[in-house]
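To start, the structure under review is shown below, and the notes come after it.
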Amino acid sequence: MRYLPLTDTDRRAMLAKVGAASIDDLFFDVPEAARLAGPIEGLPLHAGEMAVERHMAKLAAKNLSAGSAPFFLGAGAYRHHIPASVDHLIQRGEFLTAYTPYQPEIAQGTLQMLFEFQTQVARLYGCAVANASMYDGSTACWEAVAMVGRITRRKRVVLSGALHPHYAAVVRTMAKFTDDRIADALPALQGEPDNDGLIARIDDDTSCVVVQYPDVLGRIPDLAEIAEAAHAKGALLIAVNTEPVALGAIRSPGDLGADIVVGEGQALGVGLQFGGPYLGLFAVRDAKHVRQMPGRLCGETVDAEGKRGFVLTLSTREQHIRREKATSNICTNAGLCALAFTIHLTLLGGTGMARLAAENHRLACFAADRLAKVPGVSLLNASFFNEFTLKLGTDAREVVRKLADRDVLAGVSLGRLFPGAQSLADGLLVAVTETTSEEDIETFASALEEVLV
Amino acid sequence: MNSPNASGWKPEMTRAEGSAPATVTGNRALMLEEPLLFEIGQAGVTGVDLPPVDAAAACRLGAMKRAGIIDLPGLSEPETVRHYTRLSRQNYGIDMGLFPLGSCTMKHNPRLNEKVARMAGFADLHPLQPQDTVRGALEVINQLAFWLLELTGMHGVAMTPKAGAHGELCGILCIRAALEARGDAREVVLVPESAHGTNPATAAFAGYRVENIPANSAGRVDLAALKARLGPDVAAVMITNPNTCGLFERDMMAISDAVHAAGAFVYCDGANFNAIVGKVRPGDLGVDAMHINLHKTFSTPHGGGGPGSGPVVLSEALSPFGPLPFTARDRDGVVHLVEEESADEFGHTQAFGRMAAFHGQMGMFTRALAYILSHGADGLKQVAEDAVLNANYVLRSLEDVLDAPFAASGPCMHEALLGDAGFGGGLSTLDLAKSLIDEGYHPMTMYFPLVVHGAMLIEPTETESKAGLDQFIVAMRGLAARAKAGDESMKHAPYHAPRRRLDETLAARKPVLCWEPGRSDL
Numbered sequence: 001m002r003y004l005p006l007t008d009t010d011r012r013a014m015l016a017k018v019g020a021a022s023i024d025d026l027f028f029d030v031p032e033a034a035r036l037a038g039p040i041e042g043l044p045l046h047a048g049e050m051a052v053e054r055h056m057a058k059l060a061a062k063n064l065s066a067g068s069a070p071f072f073l074g075a076g077a078y079r080h081h082i083p084a085s086v087d088h089l090i091q092r093g094e095f096l097t098a099y100t101p102y103q104p105e106i107a108q109g110t111l112q113m114l115f116e117f118q119t120q121v122a123r124l125y126g127c128a129v130a131n132a133s134m135y136d137g138s139t140a141c142w143e144a145v146a147m148v149g150r151i152t153r154r155k156r157v158v159l160s161g162a163l164h165p166h167y168a169a170v171v172r173t174m175a176k177f178t179d180d181r182i183a184d185a186l187p188a189l190q191g192e193p194d195n196d197g198l199i200a201r202i203d204d205d206t207s208c209v210v211v212q213y214p215d216v217l218g219r220i221p222d223l224a225e226i227a228e229a230a231h232a233k234g235a236l237l238i239a240v241n242t243e244p245v246a247l248g249a250i251r252s253p254g255d256l257g258a259d260i261v262v263g264e265g266q267a268l269g270v271g272l273q274f275g276g277p278y279l280g281l282f283a284v285r286d287a288k289h290v291r292q293m294p295g296r297l298c299g300e301t302v303d304a305e306g307k308r309g310f311v312l313t314l315s316t317r318e319q320h321i322r323r324e325k326a327t328s329n330i331c332t333n334a335g336l337c338a339l340a341f342t343i344h345l346t347l348l349g350g351t352g353m354a355r356l357a358a359e360n361h362r363l364a365c366f367a368a369d370r371l372a373k374v375p376g377v378s379l380l381n382a383s384f385f386n387e388f389t390l391k392l393g394t395d396a397r398e399v400v401r402k403l404a405d406r407d408v409l410a411g412v413s414l415g416r417l418f419p420g421a422q423s424l425a426d427g428l429l430v431a432v433t434e435t436t437s438e439e440d441i442e443t444f445a446s447a448l449e450e451v452l453v
Numbered sequence: 001m002n003s004p005n006a007s008g009w010k011p012e013m014t015r016a017e018g019s020a021p022a023t024v025t026g027n028r029a030l031m032l033e034e035p036l037l038f039e040i041g042q043a044g045v046t047g048v049d050l051p052p053v054d055a056a057a058a059c060r061l062g063a064m065k066r067a068g069i070i071d072l073p074g075l076s077e078p079e080t081v082r083h084y085t086r087l088s089r090q091n092y093g094i095d096m097g098l099f100p101l102g103s104c105t106m107k108h109n110p111r112l113n114e115k116v117a118r119m120a121g122f123a124d125l126h127p128l129q130p131q132d133t134v135r136g137a138l139e140v141i142n143q144l145a146f147w148l149l150e151l152t153g154m155h156g157v158a159m160t161p162k163a164g165a166h167g168e169l170c171g172i173l174c175i176r177a178a179l180e181a182r183g184d185a186r187e188v189v190l191v192p193e194s195a196h197g198t199n200p201a202t203a204a205f206a207g208y209r210v211e212n213i214p215a216n217s218a219g220r221v222d223l224a225a226l227k228a229r230l231g232p233d234v235a236a237v238m239i240t241n242p243n244t245c246g247l248f249e250r251d252m253m254a255i256s257d258a259v260h261a262a263g264a265f266v267y268c269d270g271a272n273f274n275a276i277v278g279k280v281r282p283g284d285l286g287v288d289a290m291h292i293n294l295h296k297t298f299s300t301p302h303g304g305g306g307p308g309s310g311p312v313v314l315s316e317a318l319s320p321f322g323p324l325p326f327t328a329r330d331r332d333g334v335v336h337l338v339e340e341e342s343a344d345e346f347g348h349t350q351a352f353g354r355m356a357a358f359h360g361q362m363g364m365f366t367r368a369l370a371y372i373l374s375h376g377a378d379g380l381k382q383v384a385e386d387a388v389l390n391a392n393y394v395l396r397s398l399e400d401v402l403d404a405p406f407a408a409s410g411p412c413m414h415e416a417l418l419g420d421a422g423f424g425g426g427l428s429t430l431d432l433a434k435s436l437i438d439e440g441y442h443p444m445t446m447y448f449p450l451v452v453h454g455a456m457l458i459e460p461t462e463t464e465s466k467a468g469l470d471q472f473i474v475a476m477r478g479l480a481a482r483a484k485a486g487d488e489s490m491k492h493a494p495y496h497a498p499r500r501r502l503d504e505t506l507a508a509r510k511p512v513l514c515w516e517p518g519r520s521d522l
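Residue numbers (this note's numbering), protein chains in the order written: chain A, 1 to 453; chain B, 1 to 522.
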């Protein structure tokens, strides 16, 4: 077997050294009744590299990949062009095959990268401190809710109706076990987010308000107004961002008063990957909250010779030190995805982010205008960045299926996101990025017109 | 006795003439000092060619439109490649050598798996594409689920948890849901003292009170003490098996029986499943839930701290409560993604909810499946056997020179546990570990588990050759002798790494977590 270096001669010599007559002597402690005599029956035996590659390639070929069709899906996962150098660099064995940097003297590469990543995320989000990553946006969102519970000692969580329903589902799942009370609602299909309705739901028991920015329908809420209303009631604002590229064009949530900013970093460097692994981003506007944060934090220090270096720090918050009193149970996070994100963002810089965002917005405006010209179709959004909601006047799920039959990946129907919500059933969420061509948009518009007839 | 290396150099040889002068730059040949991105990048620079922003273009952003650009430095492509390449060279990875971090299972990461994960038919799929356009991807998830069930002898598997600790949470939430479904409110989760920190943290996160159960003198759960504590308030016992001392819990079946008799569930921390895969199935030991770290047992790369993947296998009693979404075959053999709206159709009406957006760590599933198919049933069994043989070989090659608290109790499993009793001159495990860095090895896990003084937990894994282990043993024996002799110089190791010992106290006392221009307080 190509991954196992021991030869039979080695094995015999090693068994002799350990004083065992056979390998099974070493499994002596396993109850005999449960021990397996040989390889589990009915399962395939080992296979060569070529055979495995063929098997996997055959499965890959059964899928319609995003790059091989006009593609308009978003809803928390966005297809952007990733510069070739990103994937090259993350595959360097010193990054790819390292562990969490527990021995900082020989992990300065990972640690310096994390320190740079934390700084980039903090600046992107308009915050003081960001951590070294969470699993994904949805779990980062829940961790923020849990953190606010520790800070405010309150138990009522107000979710914006236009929070990604998967994120809301994760919060609801976890809240069942922590006695948090969740106030949520379906979004109304209107051009502007319902800030007044949301603010009216904040009361004196509210620990936090969770608002997505841009929201799940693509609209861009005025976070400053919500932050002010939340703070007036002693509640904190958690802003959730699922498309970091948007922040090249719209103001950072921290600058608008959000206390905790969390999000999905997948759009930069990570790729679609059918939903994972992704990259949870987590930042606080005020450094005073840092000791309540979940996850790893990388900090600057010096070595014995006075040279600058980096270490994981404030670990008295964490499970391996605090055990049941830890701020989170998270251990392994999304280090390599953080590396991909930070490399992509380094290539872009502030200038590249502004240009990338402008290009996304230009194409999205073009697409929104073109698609709204299709008979029976109207554009919902008064504001949007690179994603918007169309009202089709008919069940959008059916339309998406019919368009998929024509090899057009048309977007995400609100029926898929909010199953059972009749009021949303004719909504179609359409995302456009720099990877979308004007030709793709034209193909989509013509196909949509044919399907809607 | 092996020679320390094959270069012709021997420890007793005199140094070449002259000692090394300081360099002008602080660089040392291949070891280059690299500034921070913020010290070399400029706001106006970008390494991506995009059209300039047209200020006159249509704008539908509304009132939140940003004025100006985000203050983020950019680098050209060559500068970027050099920056990260230089940083990478300050890291130790499995690709360079032995990485014997106990409990972490740092085995070789096959490159076929990287290639497979990058196939466009997997990497370039959106999670919410119509199911008919992603049947092959759903098939991957389902095939991996099948293997995990066969290898563990369990009934169901939740594929969405994103890492081991997330899997633990999933398992504990299934247990809580099952107890609530039978109207049985229980408050306590029992955890051995030697458990990973994630176990008590997880139980507390799920709303349980955590109590410790003691170990016996053979490094295993004290069965009598456990039985005495079991009662109607205990929801679950979280056991790691093989445990964190690298030992198999001999009484596992008796433990499971006792836990079940008390109406509670057995959660098994599967971090060490690599020691027993293909040799024994947790389902046959009475386990109700166990997470599997695909990034340990099934070789998906650790990536400097993730991403991981932590599918949870479940017993028949717990399967109905597993989270959404998951994959299932219909009568025609077609694999479906079962989400909230189709759960009823697939008879899954009691799901405790959703643990994360989307369907799990697909990029890890493709890698793990490629790894499993490469080994097959016979190869996976050999993986466990070689991992255990390598660990015992290290244990028996070091037990005469280092404290080996449980060596007398019989063979270890996949990791060897040693302690620092007998070190002279106030030296401890930390000093030996840092000295090991100078010898070219990543240190073992230090000071864990907590039940052994100065614990050194060494997990060689099955992907190390005998010759490689012999070299490591030479290094360890040499360092053990120096530590026992109280060699003062070890207190300042490492000497040859990119950095000397780092001041962690300073980092925590005055946290600097974000770069700021012009700051010079350190």
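Note that the Cβ used here is the ideal one computed from N, Cα and C, for glycine as well.
Nothing here was measured: the structure is a model prediction, and the numbers come from that model.
Distance from the CA of B:L436 to the CA of B:T349, rounded to the nearest whole angstrom, comes to 54 Å. As computed with DSSP, A:G299 is found in a beta bridge with A:V311. Annotation: the region 95-175 of chain A contains the following complete segments of the beta strand (DSSP E) (minimum length 3 residues), in chain order: 156-159.
In the same chain as B:G136, and ignoring 5 residues on each side of it, the C-beta atoms closer than 7 Å to its own belong to G121, in chain order. Runs of the alpha helix (DSSP H) lying entirely within the region 12-74 of chain B and spanning at least 4 residues, in chain order: 37-40. If you check the CB distance, B:P494 and B:D438 come in under 8 Å. For B:G379, the closest Cβ of chain A is nearer than 8 Å. Here B:N5 is exposed. Its C-beta has fewer than 16 other C-beta atoms within 10 Å. According to the DSSP assignment, A:T351 belongs to the alpha helix (DSSP H) that extends over G335 to A372. DSSP lists no beta-bridge partner residue for B:S103.
Closest option to B:R66, judged by alpha-carbon separation, among A:L371, A:A368 and A:D255: A:D255. Distance between B:V334 and A:A183, taken at the CA atoms: about 38 Å. Within chain A, the residues whose beta carbon sits less than 7 Å from that of B:P130 are V400, R401 and A404, listed in sequence order.
By the Cβ-count criterion, A:M50 is exposed, with fewer than 16 other Cβ atoms from all chains shown falling within 10 Å of its own Cβ. DSSP places B:A480 in the helix class (H, G or I) of the three-state scheme.
Segment contact: the region 104-120 of chain A against the region 83-90 of chain B, three or more CB-CB distances shorter than 8 Å; contact assigned. A residue is called buried once 16 or more other Cβ atoms fall within 10 Å of its Cβ, and B:G278 is buried on that count.
Under the 8 Å Cβ criterion, the region 118-132 of chain A counts as touching the region 254-268 of chain A, having at least three qualifying pairs. Beta-bridge pairing by DSSP links A:K391 to A:S378 and A:G427. Chain order gives no chain B residues near A:N360, where near means a beta carbon separation below 7 Å; the closest approach is about 10 Å. The beta-bridge partner set that DSSP reports for B:P192 consists of B:I213. Pairing B:L125 with A:N386 gives a Cβ-Cβ distance that is not under 8 Å.
In the structure shown, the three-state DSSP call for A:D87 is helix.
With a beta-carbon spacing of about 7 Å, A:M147 and A:T327 fall inside the 8 Å limit used to define contacts. The three-state secondary structure of A:S413, taken from DSSP, is strand.
For A:S207, the three-state secondary structure derived from DSSP is strand.
Within chain A, the residues whose beta carbon sits less than 8 Å from that of B:D71 are R123 and G350, listed in sequence order. Annotated as distal: B:D95 and A:T100, with beta-carbon spacing of 8 Å or more. Taking B:L380 as reference, the option from B:L314, B:G360, B:A275 and B:M446 with the minimal CA-CA separation is B:A275.
For A:L114, the CB contacts under 6 Å within the same chain, skipping 5 residues up- and downstream, are A132 and C298 in chain order. When the beta-carbon positions are compared, B:L247 and B:G219 come within less than 8 Å of each other. As summarised for the region 38-81 of chain A, the continuous alpha helix (DSSP H) elements at least 4 residues long and confined to that stretch are 49-61, given in chain order. Within the model, the alpha-carbon separation for B:D132 versus A:D407 is close to 11 Å.
Here the C-alpha atom of B:Y393 lies approximately 12 Å from the C-alpha atom of A:L6. For B:H359, at least one C-beta of chain A is nearer than 8 Å to its own C-beta. Taking B:S397 as reference, the option from B:G322, B:H196 and B:P411 with the minimal CA-CA separation is B:P411.
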